[in-house]
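Structure record follows, encoded as structure tokens.
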Amino acid sequence: MKLQGKKVIQLVSGDFEDLELWYPVLRLREEGAEVVIVGEKKGETYIGKYGVPVVSDLSFDEVDIDEYDAILVPGGWAPDKLRRFPQVIRMIREMNEQEKPIGHICHAGWVLISAKILAGRKVTSTPGIKDDMENAGAVWVDEPAVVDGHIISSRRPPDLPDYLKEFIKVLEK
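Pasting the structure below:
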């Protein structure tokens, strides 16, 4: 178990992309990490775009970043909601300042754009937000998974295996 003792935040809001939330959660748990689902409200059931539910373990307000080793942002339409919460932006900025792994896939780049941490970073995303990423100062590339220091990005569900391999490597360090 490569990630025994590691603690990871998985952000959630309604209309998350089901695979982009659940695949990372399951893979990281298989490697021994504790993954904590964090949403606007503790104990809330959030439904993915394809109907798969997840229940939050904690609310945004209950998170102490110092207790966590990494954070994941799912894609789907959830990022457009997540980026509106000051607590989410604070979590992303604090993780960035501490150079802890930040994983984002598909539309999740919107959250990092709102946190204003992408200037000069090499990233990928769904091609649909390529312009948004570049307008935020990122260097966008069309690759399955991109690592730039502690920021790990990916395009879409078929890229999940590559994305998690890279995320796990960065989290192991």
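Under this note's numbering, the first residue of the sequence shown carries the number 796, and numbering increases by one thereafter. The beta-carbon is built from N, C-alpha and C at its ideal position, and this holds for glycine as well.
C-alpha distance - residue i paired with residue j, whole-angstrom precision
{"i": "A933", "j": "G915", "result": "5 Å"}
{"i": "K925", "j": "T840", "result": "31 Å"}
{"i": "K797", "j": "V830", "result": "14 Å"}
{"i": "E967", "j": "I900", "result": "20 Å"}
{"i": "I946", "j": "G838", "result": "29 Å"}
{"i": "G870", "j": "P896", "result": "17 Å"}
{"i": "G923", "j": "R951", "result": "11 Å"}
{"i": "E929", "j": "W935", "result": "6 Å"}
Beta-bridge pairing of residue i - partner residues as DSSP gives them
{"i": "W987", "result": "With the chain running from 796 to 968 in the structure shown, residue 987 is simply not present."}
{"i": "F855", "result": "Paired residues: none, contrary to the question."}
{"i": "K802", "result": "E829"}
Proximity below 7 Å, CB of residue i to CB of residue j
{"i": "K876", "j": "S920", "result": "no"}
{"i": "L959", "j": "R822", "result": "yes"}
Beta-carbon proximity list for residue i, same chain, < 6 Å, skipping 5 on both sides
{"i": "A931", "result": "I908 and L913"}
{"i": "S949", "result": "I900, A940 and Y958"}
Cutoff 7 Å; reference residue i; Cβ partners in own chain excluding five residues on either side
{"i": "D943", "result": "R916, K917 and V918"}
Checklist entry - Fully enclosed by the segment 830–917, which alpha helix (DSSP H) runs are 4 residues long or longer? => result Fully enclosed alpha helix (DSSP H) runs of 4 or longer: 873–877, 881–892 and 904–909.
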